[in-house]
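Visitor:
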Amino acid sequence: MSKPSVPGGNRLLLLITSWILYVAVWTKQPVMLQKKPNESPDDEKMPFNASIDIATMVVGPDFLPRLFPLIKNILYYEGRVRYWMTNCALNIGTINAHNCPEQQIKPSTHLNFHLLTDARSKIIVQNYFQDMQIKDFTLHLYDFESVVHILDVIPDELYNGNPRKWRNIWAAWLRKCRKKTKIKTAGRNRTTWTTLRIAWPEILPENVSKVITIDTDVLINQDIWNLWKHFYRFNSTQMLGGIFELTDYLKGRMDSPEQPMLGNGFNGGVLLMDLRKMRQQNWAELWRKAVANIAETDKFIAFSDQKIFNVIMYRNRHFFYELPCEWNIVIGHGTPAAVCPVAWVVGIHNRRNCLIPRQSALRLIGLAHYTAKPKPGDLAGRNLRRAILVKTVQTFRDRDLHITFNEVYYAFDGMDKHCFG
Numbered sequence: 011m012s013k014p015s016v017p018g019g020n021r022l023l024l025l026i027t028s029w030i031l032y033v034a035v036w037t038k039q040p041v042m043l044q045k046k047p048n049e050s051p052d053d054e055k056m057p058f059n060a061s062i063d064i065a066t067m068v069v070g071p072d073f074l075p076r077l078f079p080l081i082k083n084i085l086y087y088e089g090r091v092r093y094w095m096t097n098c099a100l101n102i103g104t105i106n107a108h109n110c111p112e113q114q115i116k117p118s119t120h121l122n123f124h125l126l127t128d129a130r131s132k133i134i135v136q137n138y139f140q141d142m143q144i145k146d147f148t149l150h151l152y153d154f155e156s157v158v159h160i161l162d163v164i165p166d167e168l169y170n171g172n173p174r175k176w177r178n179i180w181a182a183w184l185r186k187c188r189k190k191t192k193i194k195t196a197g198r199n200r201t202t203w204t205t206l207r208i209a210w211p212e213i214l215p216e217n218v219s220k221v222i223t224i225d226t227d228v229l230i231n232q233d234i235w236n237l238w239k240h241f242y243r244f245n246s247t248q249m250l251g252g253i254f255e256l257t258d259y260l261k262g263r264m265d266s267p268e269q270p271m272l273g274n275g276f277n278g279g280v281l282l283m284d285l286r287k288m289r290q291q292n293w294a295e296l297w298r299k300a301v302a303n304i305a306e307t308d309k310f311i312a313f314s315d316q317k318i319f320n321v322i323m324y325r326n327r328h329f330f331y332e333l334p335c336e337w338n339i340v341i342g343h344g345t346p347a348a349v350c351p352v353a354w355v356v357g358i359h360n361r362r363n364c365l366i367p368r369q370s371a372l373r374l375i376g377l378a379h380y381t382a383k384p385k386p387g388d389l390a391g392r393n394l395r396r397a398i399l400v401k402t403v404q405t406f407r408d409r410d411l412h413i414t415f416n417e418v419y420y421a422f423d424g425m426d427k428h429c430f431g
């Protein structure tokens with residue numbers, strides 16, 4: 011039996027109608043983030059009742075204000091928000107929070123937050139958290155004064171270098187720091203406590219086998235579990251995960267013929283440390299040898315711990331695991347949009363992150379790192395809060411990232427701490 015023929019005009023009308031329906035459905039449906047090559051998690055390796063360890067350091071009250079929005083930011087994307095309470099919505103002006111259709115499926119996690127701080131800041135932090143009831147969250151505090159001796163192996167001249175103006179700047183900072191916090195720094199400066207990041211395997215207890223180390227001038231834009239999963243993609247020799255700089259900013263200031271580094275070098279704003287492997291490889295001796303090598307050729311340690319990390323990784327490339335670029339989008343010296351095209355979509359708590367269709371070729375920002383000065387939270391940086399300029403379907407240029415970071419930062423800063431639990 012022959013099939014009925016469709017007149018040419020009706021066939022054309024049918025094709026047009028089908029195309030309109032296809033476009034209508036496509037543009038209204040959220041698109042889940044596409045997995046990038048080599049980024050599929052090894053789920054079978056991950057324990058269901060996992061514990062995530064995060065470490066950062068704050069020495070001196072001037073750097074303390076950024077800590078609390080950061081912690082709220084991390085808790086928010088873990089879904090630890092009492093969203094039913096009044097005023098517990100994230101208020102970010104014109105940024106639309108996307109409510110994606112599927113619940114995030116992830117193991118139940120206990121969050122251990124390790125903070126290295128000075129005596130006065132420690133009291134402020136304890137007072138802040140004493141009336142908070144956060145399930146599966148433990149705050150661990152470490153005294154700066156009790157561990158700073160680890161860096162005694164580094165000669166003072168490697169901190170200060172030769173330029174007199176830097177010595178004067180650091181001396182002024184020390185006087186201010188001692189007056190405010192009563193820290194006995196033995197002639198050290200801010201470079202000292204940031205350099206302590208190199209010593210996390212010595213500072214943290216033996217029962218902490220893995221840790222994500224972050225600066226306080228960052229914002230997380232995904233569940234921290236998505237970053238933690240990369241530990242399970244390390245091979246048998248990799249023990250330090252980080253991101254190479256997308257510009258030559260560090261290379262032009264830190265690289266030298268005597269102390270070269272891989273590519274543009276990697277930024278220390280976020281690092282994944284497999285502490286068990288680092289201790290097995292005698293990390294304490296590795297970084298001390300690197301300092302001795304730097305002392306033979308350089309007048310001072312440029313970028314403190316980052317220089318030491320890069321010297322070690324150049325000699326031991328097999329130790330390094332490269333994270334996807336969206337996990338350290340640097341705001342300050344520019345992240346080329348063509349190298350790491352990203353979109354900043356603010357998600358609803360405990361929901362899977364998604365992009366609208368025209369963003370499906372972009373990456374969702376995982377972590378934004380604000381290296382510019384002044385920073386949000388600084389007294390001088392408060393005038394940075396302004397009307398937001400958002401490009402929801404394009405890659406973010408550096409100026410847009412500056413503005414968006416400020417808006418998101420102050421939104422978390424303004425959320426009541428009792429919204430989290």
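Heads up: the sequence shown begins at 11 in our numbering, then just goes up one per residue.
Idealized CB from N, CA, C, for every residue including glycine.
Can you tell which of Phe254, Asp227, Tyr331 and Ala305 has its C-alpha closest to the C-alpha of Tyr242?
Guide: The candidate whose alpha carbon is nearest that of Tyr242 is Tyr331.
Visitor: Could you spell out the range, first to last residue, of the beta strand (DSSP E) harbouring Phe422?
Guide: Per DSSP, Phe422 belongs to no beta strand (DSSP E); it is in the alpha helix (DSSP H), Asp408 to Gly424.
Visitor: Give me, in chain order, the residues of the same chain whose beta-carbon lies closer than 8 Å to that of Ala294; leave out the 5 immediate sequence neighbours on both sides.
Guide: Excluding sequence neighbours, Ala294 sits near Ala209, Pro211 and Glu212.
Visitor: How is the beta strand (DSSP E) around Val301 delimited, first residue to last?
Guide: Taken as a continuous stretch (DSSP letters only), Val301 belongs to no beta strand (DSSP E), being part of the alpha helix (DSSP H) at Trp293 to Thr307.
Visitor: Check this for me: beta carbons of Ile230 and Tyr87, under 8 Å apart or not?
Guide: Result yes, Cβ atoms of Ile230 and Tyr87 sit closer than 8 Å.
Visitor: Mind checking which residues open and close the alpha helix (DSSP H) that includes Val321?
Guide: Residues Asp315 to Arg325.
Visitor: Hey, Ile234 and Ile84: beta-carbon distance below 8 Å or not?
Guide: In contact: Ile234 and Ile84 (Cβ atoms closer than 8 Å).
Visitor: Taking DSSP as the reference, what is the three-state secondary structure of Glu212?
Guide: Glu212 falls in the helix class under three-state DSSP.
Visitor: To the nearest angstrom, how far is the alpha carbon of Gly279 from that of Val228?
Guide: Distance between the alpha carbons of Gly279 and Val228 is about 8 Å.
Visitor: Output needed for Asn338: all residues of its chain with C-beta closer than 7 Å, excluding positions within five of it in sequence on either side, in chain order.
Guide: Answer for Asn338: Ile253, Asn277, Gly279, Val280, Leu377 and His379, listed in chain order.
Visitor: Measuring CB to CB, does Arg289 end up less than 8 Å from Val163?
Guide: Their beta carbons are not under 8 Å apart, which means Arg289 does not touch Val163 by this criterion.
Visitor: Answer yes or no: do Gly431 and Ile144 have a C-beta to C-beta separation smaller than 8 Å?
Guide: Taking 8 Å as the Cβ cut-off, Gly431 and Ile144 qualify as a contacting pair.
Visitor: Tell me the rounded alpha-carbon separation between His240 and Gln248.
Guide: Roughly 11 Å separates the two Cα atoms.
Visitor: For Ile375 and Thr96, I'd like the C-alpha separation in whole angstroms.
Guide: Roughly 28 Å separates the two Cα atoms.
Visitor: I need the boundaries of the alpha helix (DSSP H) containing Ile134, first residue and last residue.
Guide: Ala129 to Phe139 is the extent of the alpha helix (DSSP H) around Ile134.
Visitor: By the 10 Å Cβ neighbour count, where 16 or more other Cβ atoms means buried, how is His120 classified, buried or exposed?
Guide: Exposed, because fewer than 16 other Cβ atoms sit within 10 Å of the Cβ of His120.
Visitor: Do Tyr419 and Pro386 have their C-beta atoms within less than 8 Å of each other?
Guide: Yes, the pair counts as a contact, with Cβ atoms nearer than the cut-off.
Visitor: Applying the criterion that 16 or more other CB atoms from any shown protein chain within 10 Å of the CB defines a buried residue, is Asp63 buried or exposed?
Guide: Buried: at least 16 other Cβ atoms inside 10 Å.
Visitor: List the DSSP bridge partners of His379.
Guide: Paired residue(s): Val228 and Val340.
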